[in-house]
Amino acid sequence: MKVGAHVSAAGGIFNAPGNAAKIGCETFQVFSRSPQGGPAPKLTPEVLANFRSEMKKHFFTSFFIHAPYYINYASTTPRIRYGSISIIRDELERGTLLGAAGVVTHLGSTKDAGPKVGFHKTWRGIQRVLDGYKGTTQLFLEGSAGAGDQVGSSFEQLAALIKNIESAAKYKGKVDVCLDMCHLFAAGYDLRKPADVNATLKKFDQIVGLKRLKLIHGNDSKFGLGEHRDRHEHIGKGKIGLPGFTTLMRHPKLKHVNVVIETPWDNLYAKDVALLQKIRK
1 MKVGAHVSAA GGIFNAPGNA AKIGCETFQV FSRSPQGGPA PKLTPEVLAN FRSEMKKHFF
61 TSFFIHAPYY INYASTTPRI RYGSISIIRD ELERGTLLGA AGVVTHLGST KDAGPKVGFH
121 KTWRGIQRVL DGYKGTTQLF LEGSAGAGDQ VGSSFEQLAA LIKNIESAAK YKGKVDVCLD
181 MCHLFAAGYD LRKPADVNAT LKKFDQIVGL KRLKLIHGND SKFGLGEHRD RHEHIGKGKI
241 GLPGFTTLMR HPKLKHVNVV IETPWDNLYA KDVALLQKIR K
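Residue numbers (our numbering): 1 to 281.
Okay, structure coming up:
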């Protein structure tokens with residue numbers, strides 16, 4: 001298990017490894033394009049060479065890309081739905097050029113389409129993302145907090161998405177899962193005590209499978225259990241608390257899963273990384 005953080009790529013993605021190293025990361029997550037919209041910066045041969053050089057310089061062997069926030073495969077607006085499909089496919093191709101282990105994508109909301117049609121549009125949209133894709137970067141579906149008809153707030157729905165995506169043989173093994181601790185807690189999965197963490201992970205293993213879990217967003221929660229409010233807090237200072245994180249970081253079945261923080265970006269950010277590394281031991 002490696003511990004890292006979401007870091008800035010301001011000035012060029014080749015600056016991300018250095019930014020991660022400054023706060024003691026062992027791995028990191030980054031946006032390869034603006035999360036709010038606009039064209040992606042070009043990955044020229046010079047940019048790619050500089051990025052690889054910085055990765056080697058700071059001894060990083062893995063990193064992850066987070067997709068933009070506005071992705072919605074279930075949208076009834078063609079521009080949004082097909083734009084989402086195009087952007088995520090482009091992120092996978094960019095990730096392959098950069099050597100990213102995975103692209104993390106939010107799943108969007110079924111608010112306009114309705115739960116049945118919206119769910120169908122979501123898994124079909126992800127299939128369209130994967131059509132003809134031959135790259136090395138994996139697609140990670142991120143579970144949601146469940147606010148506003150968000151897709152993926154339950155283990156059952158994540159499992160159903162994967163089952164439908166993989167209903168054709170050519171999509172087998174093409175998607176995995178990223179779990180955000182704040183999202184889990186907001187969606188109603190208790191993580192406050194060791195027994196709670198163990199029960200939640202056991203349930204995930206039974207329904208989805210721990211083999212699918214490739215990344216954890218290590219975020220505490222500003223709000224309470226099951227409130228469906230996605231507001232991240234510093235480690236141990238939120239409603240989940242330090243015992244839950246300690247159990248997670250030491251869980252024997254999570255040794256292969258990297259943890260990346262997305263806590264508030266202030267003077268405690270680096271301390272969150274250090275704290276998770278400390279309690280892991």
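Heads up, the beta-carbon is just placed ideally off N, CA and C, and yes, glycines get one too.
Using beta-carbon positions only, say whether residue i and residue j come within less than 8 Å of one another.
| i | j | result |
| --- | --- | --- |
| Val117 | Ile65 | no |
| Leu184 | Trp123 | no |
| Val177 | Ile165 | no |
| Val3 | Leu276 | yes |
| Ile279 | Gly218 | no |
| Ala40 | Arg89 | no |
| Thr263 | Asp230 | no |
| Arg212 | Pro243 | no |
| Val197 | Leu248 | yes |
| Ile85 | Arg128 | yes |
| Ala240 | Leu179 | The residue asked about is misnamed: residue 240 is Ile in this sequence, not Ala. Contact flag unset, no. |
| Leu130 | Leu107 | no |
| Cys182 | His228 | no |
| Gly209 | Lys222 | no |
Could you compute how far the alpha carbon of residue i sits from the alpha carbon of residue j?
| i | j | result |
| --- | --- | --- |
| Ile207 | Lys111 | 25 Å |
| Met69 | Ser109 | In the sequence as presented, Met is not what sits at residue 69; that position holds Tyr. Roughly 12 Å between the two C-alpha positions. |
| Glu46 | Asn258 | 29 Å |
| Thr76 | Gly12 | 34 Å |
| Tyr73 | Pro115 | 13 Å |
| His58 | Gly18 | 7 Å |
| Glu26 | Lys281 | 14 Å |
| His234 | Ala195 | 22 Å |
| Ala5 | Phe245 | 15 Å |
| Lys42 | Lys172 | 31 Å |
| Ser154 | Glu91 | 25 Å |
| Glu54 | Ala113 | 44 Å |
| Leu48 | Thr96 | 11 Å |
| Ala270 | Ala10 | 18 Å |
| Leu225 | Glu156 | 19 Å |
Hey, residue i and residue j are a contact pair by Cβ (cut 8 Å); roughly how many whole angstroms apart?
| i | j | result |
| --- | --- | --- |
| Lys121 | Arg81 | 7 Å |
- Query: Taking one C-beta from the stretch 59-78 and one from the stretch 20-35 each time, how about it: are there three or more such pairs within less than 8 Å?
  - Reply: Verdict: yes, contact present.
- Message: Three or more C-beta pairs under 8 Å: does that hold for the stretch 254-262 against the stretch 14-24?
- Response: Contact annotation: the stretch 254-262 does not touch the stretch 14-24, with fewer than three C-beta pairs closer than 8 Å.
- Query: Between the stretch 133-147 and the stretch 91-102, are three or more C-beta pairs nearer than 8 Å?
  - Reply: Contact between the stretch 133-147 and the stretch 91-102 is present: three or more C-beta pairs spanning the two stretches fall below 8 Å.
- Meets three-Cβ-pair contact criterion under 8 Å: the stretch 145-157 and the stretch 186-199: Because the criterion of three Cβ pairs below 8 Å is met, the stretch 145-157 and the stretch 186-199 touch.
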